[in-house]
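Undergrad: Structure incoming, see below.
Protein chains in written order, with my numbering: chain P, 2 to 277; chain Z, 498 to 842.
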């Protein structure tokens, strides 16, 4: 009886997942491994032999990893600060941290165009201060993609971390201090290790997001800084090469899965609280 | 061994509410002093001032002759045990205890020896490799104690360390803490709201109320001779009678009846108080002096005795009677308030 009801309860979501996720995925992936009726990995081998593709692949991975790292560095202290203030202020600060997520990512990318462009705010300030003669070209570089992506995904890191950190009792910090650790050292030796589950979850979210983001690299990166996501679009929509696009998609999925697995392995190694 | 002096300590919350009001306290070398009081009386705040988590708005803290009012927490070398124990969940028992020693850059072999020694003393040797969540409440408590003691602190500060344990374990841990404290001769401040716990463990007790110490003395002094109404109420005096002094040792109650008390209250009007256990129910008519006729309102069974709530001409009184004689609600009885047991505040 109990087993039956369990099956009944998970049936809707299982059907939904199979129909809208697994079947389309198979439909996309199967054609990439068939050539002339035989199973082959030749398309994938070709992908990794093409220097142009490799460059895009490495650039995508680099941006996603740097973005994840920067989000960690910026997010951890911010989240800890938010988790320590009074409940009222925590609500206010969380809304401020989440504010960027309230607008569409196209609009957010346009905001960065206005800030980083040749006549953007940054260049206007720099030239007004006579720090530069020529406006800096910051837009349509890897830098502008990185800035846009960090801005896009930092809130995810912060919410995830606040959720974990606000459950860490202040006593922990005080106990560490009473044992002779300065505040900074207490944070590093106690709060940080206790936050690892949150840091890893946040990192997975940010990495996956940065890896697959499309609008931001498209608008801020321009054609010279293509990423895997923009490459997929180009292959499918411009060149009408759906199989080629599917190859890139699978490379992206597998890369993301490998990095996630790696992050979880690190978490498992660092976060040992003993089994029950 | 260290002596602690708190000198005119003031702490206020958001600049308005005074939590500690000119608090003075002197703790002798090797003494175990309890801060006793209801929640909100300022006992934990006092402990946090000593620990260094709160910098008082005015006043000084001295340990021996060294002023420590503004020394940062991590430079004080005081051992702290929290109500929640605050064990580091990501570290084993051994690593929890090692935490403070590692920060002191101690030599590895020396460190290992010290940790093993304190684990032995606290009866934790077999649990060294376990993690906090694999331990029972009592074991966690002992780890917290071991972690605080291993750094050889100048003071040991305990914030309601026993309140999360069940009754039986509490009793054992109480004895254990006292034994360790005496063995190591470490000056200790113990915060509690449990008067029985506090009396059994302390050399001296500071009863706190509203940010000041109402009375500071040995448990015996406080138990037998509370100095204020608050202290009397807090430590179990439940009967209070308005008295007016008529002559030496003789007092008149509101209804005009006269009572004798051994104690002198030093003013013309005072409050007489007596514990429910000290009032006697008298059965023979000759009982002379300090007697009151009373009607039983409510009877409660307490196990070793019955408690009666009485209405009397001098007010409502509570009596605990363990004589075995049984009265019921509505009975009229005669009670005697022994002159030696009446405390005047």
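Even glycine gets a Cβ: it sits at the ideal position worked out from N, Cα and C. In this text, all values refer to a predicted model and were calculated from it rather than measured experimentally.
Please confirm if the stretch 589-601 of chain Z is in contact with the stretch 635-653 of chain Z, defined as three or more CB-CB distances below 8 Å between the two stretches.
TA: Yes, since at least three Cβ pairs between the stretch 589-601 of chain Z and the stretch 635-653 of chain Z fall closer than 8 Å, the two stretches touch.
Undergrad: In whole angstroms, what separates the C-alpha of residue 841/Z from that of residue 815/Z?
TA: One C-alpha to the other measures close to 17 Å.
Undergrad: Would you tell me roughly how many angstroms separate the C-alpha atoms of residue 707/Z and residue 728/Z, rounded to the nearest one?
TA: When rounded, the distance between both Cα atoms is 12 Å.
Undergrad: Show which residues of chain P have a CB atom less than 8 Å away from the CB atom of residue 648/Z.
TA: Residues of chain P passing the Cβ test: 180, 181.
Undergrad: Given this structure, state the Cα-to-Cα distance separating residue 276/P from residue 628/Z, to the nearest angstrom.
TA: Interpretation of residue 276/P is limited by its pLDDT of 48, a score under 50 that renders its predicted location unreliable; the figure taken from the coordinates is listed afterwards. Residue 276/P and residue 628/Z: Cα-Cα distance of roughly 8 Å.
Undergrad: Can you find the residues in the same chain that come closer than 7 Å, C-beta to C-beta, to residue 68/P, ignoring five residues on each side of it along the sequence?
TA: If we look at residue 68/P and ignore the five residues flanking it on each side, its Cβ neighbours are 147, 150, 151, 154, 207, 211.
Undergrad: If I follow the unbroken alpha helix (DSSP H) through residue 109/P, where does it start and stop?
TA: That run of the alpha helix (DSSP H) goes 106-117.
Undergrad: Which residues bound the alpha helix (DSSP H) around residue 550/Z?
TA: No alpha helix (DSSP H) holds residue 550/Z; DSSP gives it neither H nor E.
Undergrad: Is the number of C-beta pairs between the stretch 503-523 of chain Z and the stretch 556-571 of chain Z that are closer than 8 Å three or more?
TA: Contact between the stretch 503-523 of chain Z and the stretch 556-571 of chain Z is present, because at least three Cβ pairs lie under 8 Å.
Undergrad: Just grab the DSSP bridge partners of residue 791/Z for me.
TA: Paired residue(s): 830/Z.
Undergrad: Do you know offhand how far residue 232/P's Cα is from residue 71/P's?
TA: Cα-Cα distance, rounded: 25 Å.
Undergrad: 8 Å is my cut-off, CB to CB: does residue 550/Z come that close to chain P?
TA: So, interface residue.
Undergrad: Just the chain P side, please: which residues come within less than 7 Å of residue 597/Z by C-beta, in chain order?
TA: Per Cβ cutoff of 7 Å: 180, 181.
Undergrad: Would residue 28/P count as contacting chain Z if we go by Cβ distances under 8 Å?
TA: Not one chain Z Cβ lies under 8 Å of residue 28/P.
Undergrad: So, using beta-carbon positions, are residue 638/Z and residue 658/Z closer together than 8 Å?
TA: In contact: residue 638/Z and residue 658/Z (Cβ atoms closer than 8 Å).
Undergrad: Do you know offhand how far residue 219/P's Cα is from residue 246/P's?
TA: Rounded to whole angstroms, residue 219/P to residue 246/P spans 16 Å at the Cα level.
Undergrad: According to DSSP, simplified to helix, strand and coil, what is residue 277/P?
TA: No answer about residue 277/P holds up, because its pLDDT of 41 lies below 50 and its placement is not dependable.
Undergrad: Using a beta-carbon distance below 8 Å, is residue 167/P in contact with chain Z?
TA: So no, residue 167/P is outside the interface.
Undergrad: Under three-state DSSP, which class holds residue 235/P?
TA: Of the three classes helix, strand and coil, the one that applies to residue 235/P here is helix, per DSSP.
Undergrad: Tell me, please, whether the CB atom of residue 176/P is closer than 8 Å to any CB atom in chain Z?
TA: Taking Cβ atoms only, chain Z reaches closer than 8 Å to residue 176/P, which makes this a yes.
Undergrad: What residues of chain P sit near residue 571/Z, judged by a beta carbon separation below 9 Å?
TA: Here the neighbours are 177, 178, 179, 180, 181, 182, 183, 184, 186, 187.
Undergrad: So is residue 746/Z in contact with chain P if we call contact Cβ pairs under 8 Å?
TA: Chain P, which has no Cβ nearer than 8 Å to the Cβ of residue 746/Z, makes this no.
Undergrad: On a CA-only basis, which of 102/P, 187/P, 227/P, 168/P is nearest residue 88/P? Give me that one, please.
TA: Comparing Cα positions, the closest option is 168/P.
Undergrad: Report yes or no: do three or more beta-carbon pairs, one from the stretch 713-720 of chain Z and one from the stretch 538-556 of chain Z, lie closer than 8 Å?
TA: Counting Cβ pairs under 8 Å, fewer than three are found: no touch.
Undergrad: Hey, how far is the Cα of residue 732/Z from the Cα of residue 204/P?
TA: When rounded, the distance between both Cα atoms is 56 Å.
Undergrad: When the Cβ atoms of the stretch 693-700 of chain Z are set against those of the stretch 656-673 of chain Z, are three or more pairs found closer than 8 Å?
TA: Result yes; three or more Cβ-Cβ pairs closer than 8 Å.
Undergrad: Leaving aside the five residues before and after residue 165/P along the sequence, list all residues of the same chain whose C-beta is less than 7 Å from its C-beta, in chain order.
TA: If we look at residue 165/P and ignore the five residues flanking it on each side, its Cβ neighbours are 196, 198, 199.
Undergrad: Using a Cβ-Cβ cutoff of 7 Å, what residues of the stretch 581-614 of chain Z are near chain P? List them in chain order.
TA: Flagged, chain order: 581, 583, 585, 586, 587, 596, 597, 600, 601.
Undergrad: Quick check: what's the CA-CA separation for residue 806/Z versus residue 744/Z?
TA: About 31 Å.
Undergrad: In this structure, how does DSSP classify residue 762/Z when only helix, strand and coil are distinguished?
TA: Coil at residue 762/Z, not helix or strand.
Undergrad: List in chain order: all unbroken beta strand (DSSP E) runs of 3+ residues lying wholly within the stretch 535-622 of chain Z.
TA: Runs of the beta strand (DSSP E) inside the stretch 535-622 of chain Z: 555-560, 575-578.
Undergrad: How would you label residue 751/Z, buried or exposed, when you count the other beta carbons within 10 angstroms and need 16 or more for buried?
TA: That one is exposed.
Undergrad: Who pairs with residue 742/Z in a beta bridge, going by DSSP?
TA: DSSP, once it has assigned bridges, lists 748/Z as partnering residue 742/Z.
Undergrad: Using alpha carbons as the reference points, say which of 651/Z, 811/Z, 694/Z lies closest to residue 682/Z.
TA: Of 651/Z, 811/Z, 694/Z, the residue nearest in Cα terms is 651/Z.
Undergrad: Grab the span of the alpha helix (DSSP H) containing residue 803/Z for me, first residue to last.
TA: Careful: residue 803/Z lies outside any alpha helix (DSSP H), inside the beta strand (DSSP E) at 803-809.
Undergrad: From this set, 709/Z, 617/Z, 565/Z, 548/Z, which residue's C-alpha is nearest residue 535/Z's C-alpha?
TA: Checking every option, the nearest Cα to that of residue 535/Z belongs to 709/Z.
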